[in-house]
Structure formats: structure tokens, C-alpha cells
Amino acid sequence: MSMWADWWHETSKPSPHCNEAEVNACISTIAFLEDDYLKRKVEFVAEIHALLEPGDKARADAVLEDLEILYPVLKDTGFLKRVMEGDGGAFVGLRGKLPQV
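Just so we're aligned, residue 0 is where the sequence shown starts under numbering that gives the first Met the number 0, counting upward by one.
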């Protein structure tokens, strides 16, 4: 939130007083944080699926279905299918889709 507040504060200034370097730094940092958040969420869901699958396959699959609804791009990469199959290389093919992977 503080990064967004810094960006807002800087972009709210009149043009001659706005520091473009700081604005650009804030924008790139916010983009990195968004990508990192998505990566962590995907990793967490994959771990939850692995924990639930042996005892409750239906709930494990429901967790992946919820992730697919939130991020449909993951279905196109084959990630969800690889996780369901228990493939150790589930994250292969996500480069460019999830920049931090």
C-alpha cells in the first residue's frame, strides 16, 4: 500500500514538480509485486492440492477449479492439468505467464 501511496502522491503533483523517475520506479515495483503475488498464490494452491489429494480428491480438484476461474490463463498453459496429474514439472511452461516462475 505504501508503494501505491508514493505513486499517488507523486502523480498528484503538478507536472513540473512530478518526479518521473520516482513514478516509473513505483510503477515497476508495483508490477513486480503483482507478479510475485500471483506466483505465490499459484504455488500455494499447488501445495494445497498436493496435501488434499490423497484424502479428499474432490476438494483438491475444487481448489484447482477455483484457481482456474480466477486465472483462466493457467488452463491454456497446461499448468492445472499437470498439477492434477501430479507432474513434478507443473510449473514448466509458465514463463512469461507468471514472470517470477
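In this text, a Cβ means the ideal position worked out from N, Cα and C, and glycines have one as well.
Would you mind working out which of the options sits nearest residue i, comparing C-alpha positions?
i	options	result
W6	L69, A24, M83 and L79	A24
E84	L66, F31, D60 and P15	D60
M0	P53, D75 and E33	E33
S27	R58, E64 and M2	M2
Do residue i and residue j have their C-beta atoms closer together than 8 Å?
i	j	result
V62	V41	no
Is residue i helix, strand or coil when you go by DSSP?
i	result
M83	helix
V100	At V100 the pLDDT is 41, less than 50, meaning the model places this residue with poor confidence; the figure from the coordinates comes in the next sentence. Three-state DSSP puts V100 in coil, outside helix and strand.
S55	In the sequence on display, residue 55 carries Asp and not Ser. Three-state DSSP puts D55 in coil, outside helix and strand.
N23	helix
Y70	coil
S1	helix
P13	coil
So, is residue i buried or exposed, given that buried needs 16 or more other C-beta atoms within 10 angstroms?
i	result
V82	buried
H8	exposed
L69	exposed
F31	exposed
L66	buried
H48	buried
L73	buried
L79	buried
Please confirm if residue i has its CB atom under 8 Å from at least one CB of chain B.
i	result
S14	The structure shown contains no chain B; it holds only a single protein chain.
Do you know offhand how far residue i's Cα is from residue j's?
i	j	result
N18	I29	17 Å
A4	K12	13 Å
A20	S14	13 Å
D55	T76	25 Å
Y36	L50	21 Å
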